Each structure stands twice: as C-alpha cells, then as structure tokens.
Amino acid sequence: QKEVEQDPGPLSVPEGAIVSLNCTYSNSAFQYFMWYRQYSRKGPELLMYTYSSGNKEDGRFTAQVDKSSKYISLFIRDSQPSDSATYLCAMHLNEKLTFGTGTRLTIIP
Amino acid sequence: GAGVSQTPSNKVTEKGKYVELRCDPISGHTALYWYRQSLGQGPEFLIYFQGTGAADDSGLPNDRFFAVRPEGSVSTLKIQRTERGDSAVYLCASSPDRGQGYTFGSGTRLTVV
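Chains as they are written, first to last, in our numbering: chain A, 3 to 111; chain B, -7 to 105.
The structure is reproduced here in structure tokens:
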C-alpha cells in the first residue's frame, strides 16, 4: 500500500463548475499537507500549504484536512480553462515530501 | 535568480554513459532538494542538502547516483553507468530554510537509450 493514495483521473468538468480533488494517507506522522499544480513540462507549483485539520481558503481554492480520517481535499470554485493541469497532493515529514500520483484535470470551455 | 534553474532541460544519453544534471537554486536559499518523476507518477525524493552537506540521501536508489553542493549554492546530480530505468524527469527545488515551502525548477528530462 502506498503512503499517499490519489485518484489519477483523468477528470473533465465544464467551465464554472466546482472541482473536488482528494487524497488519503496512511502515515499519521505527516506534519504538513500541500497541494501542487503542475502544467505539462513544468515543475510543480505550490498552491496551498496547511498543517492542521480544518479549512484554508485562498481565492478560488480551499484546502481541507481531516487528520482523524487521514484525508485531504482541494476544492476549486468557478473553475477556468487555465486550471487545466495535474494536481498533486504532498505530505511533508522531516524535510521530505511524499507525493500522490497526481490527478489530471481538464476544464472544458 | 528569479527561480530555480535546471540545465540541461533535456538530455539523451546512451546506456552505460555518465551524466551530470545541474541545479541553480534561488539566491539565498539554504535548502536544496532533488526529486525524480517518472511518467504518470508523482515526484519521489532523492536527496536533501542544508548548506553544503547532504542532510538526507536516503532516496538515492543505488551507488550509481551521487549529488554535490560544494559551495552551498549550485548542486550537481551525477549518474554513473546509466540504465534505461533511469529515464525520468529530475526535479530540483529550493527553500529559504527547513520547513518552508519549496520552489521547483522545470526539471531535466533524462532519456537513456
């Protein structure tokens, strides 16, 4: 079993829809939880960074962490074609990130 | 510089050859990381530098892989006797200090033929 599980998709939604992306993890020692966005042939770009259970909002993006269920989510409101990318969850422990496989998202205009 | 710079952006090499991949971190960032990303997968940790020293090299797959950061800035990832299974995108990241968010470079796409 992988330490971090993420549905690879692909996921296609119409422009303006709310997108929900999720990861589960098995290691309760993970300290921080992150979401990265990766465009084709580019490096991952940090979107959200949280360390406690609850919600964190930044513009159209909301990150949610439930440590008791070992479950994290990213919600994207009013999705735009420019949001089309691969979204990676990542868990931080002792200066190492453990990534999910990434979910490929396409927003259809 | 403005971001993390990695050179070359693409490298094709023959099986058995030696390659060096270079990473120029953001100026002033003390922490530097190497990750490897295979097709359809998330990045996997290779090695972490704090300053000049390798603080954690537990992700290096075997002794053909080696990385240095002699002056605490630029880092080079070295792969000896390359194998086809080494083909991947090698990503470098830097951060201002431990526990801060990383900034990744665009990676070096290594193809071993």
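Just so it is clear, CB atoms sit at the ideal spot from N, CA and C, and this is done for glycine as well.
Quantities reported herein were computed from a predicted structural model and do not represent experimental measurements.
Taking just the CA atoms, how far does residue j sit from residue i?
| i | j | result |
| --- | --- | --- |
| L107 (chain A) | V(-4) (chain B) | 25 Å |
| G61 (chain A) | S14 (chain A) | 22 Å |
| L52 (chain B) | A46 (chain B) | 11 Å |
| Q42 (chain B) | P16 (chain A) | 44 Å |
| L99 (chain A) | S87 (chain B) | 13 Å |
| N96 (chain A) | S30 (chain B) | 23 Å |
| N24 (chain A) | H21 (chain B) | 31 Å |
| P10 (chain A) | P83 (chain A) | 19 Å |
| K58 (chain A) | T5 (chain B) | 45 Å |
| L24 (chain B) | F101 (chain A) | 17 Å |
| A59 (chain B) | L49 (chain A) | 28 Å |
| M93 (chain A) | Q72 (chain B) | 30 Å |
| T27 (chain B) | A85 (chain B) | Residue identity differs from the one stated: residue 27 (chain B) is Tyr in this sequence, not Thr. Distance between the alpha carbons of Y27 (chain B) and A85 (chain B) is about 8 Å. |
Within 9 Å (strictly less), CB to CB, does residue i reach chain B?
| i | result |
| --- | --- |
| P12 (chain A) | no |
| E97 (chain A) | yes |
| F35 (chain A) | no |
| L76 (chain A) | no |
| A87 (chain A) | no |
| R43 (chain A) | yes |
| A31 (chain A) | no |
| A65 (chain A) | no |
Taking its Cβ as the centre, do 16 or more other Cβ atoms sit within 10 Å of residue i, making it buried, or is it exposed?
| i | result |
| --- | --- |
| I1 (chain A) | Within the shown structure, residues of chain A are numbered from 3 to 111, placing residue 1 (chain A) beyond reach of any answer. |
| I109 (chain A) | buried |
| V67 (chain A) | buried |
| V105 (chain B) | exposed |
| S28 (chain A) | exposed |
| G97 (chain B) | buried |
| G34 (chain B) | buried |
| S22 (chain A) | exposed |
| A65 (chain A) | buried |
Starting from residue i, trace the beta strand (DSSP E) both ways and give me its first and last residue.
| i | result |
| --- | --- |
| A47 (chain B) | G45 to D48 |
| P16 (chain A) | L13 to P16 |
| V104 (chain B) | T100 to V104 |
| L99 (chain A) | K98 to F101 |
| E47 (chain A) | E47 to T52 |
| Q66 (chain A) | F63 to D68 |
| Y27 (chain A) | V21 to Y27 |
| L13 (chain B) | V11 to D16 |
Just checking: is the beta-carbon of residue i within a distance shorter than 9 Å of some beta-carbon in chain A?
| i | result |
| --- | --- |
| A59 (chain B) | no |
| A(-6) (chain B) | no |
| T68 (chain B) | no |
| T95 (chain B) | yes |
| R140 (chain B) | Residue 140 (chain B) lies beyond the residue range present for chain B, which begins at -7 and ends at 105; the question has no answer from this structure. |
### Task
Below 9 Å between beta carbons is the criterion; list the residues of the segment 34 to 47 of chain B that meet it against any residue of chain A, in chain order.
For the segment 34 to 47 of chain B, which is checked against every Cβ of chain A, the residues closer than 9 Å are G34, P35, E36, F37, Y40, Q42 and A47.
Taking beta-carbon pairs under 8 Å, can you tell me which members of the segment 51 to 63 of chain A lie near chain B?
Correct list: Y51.
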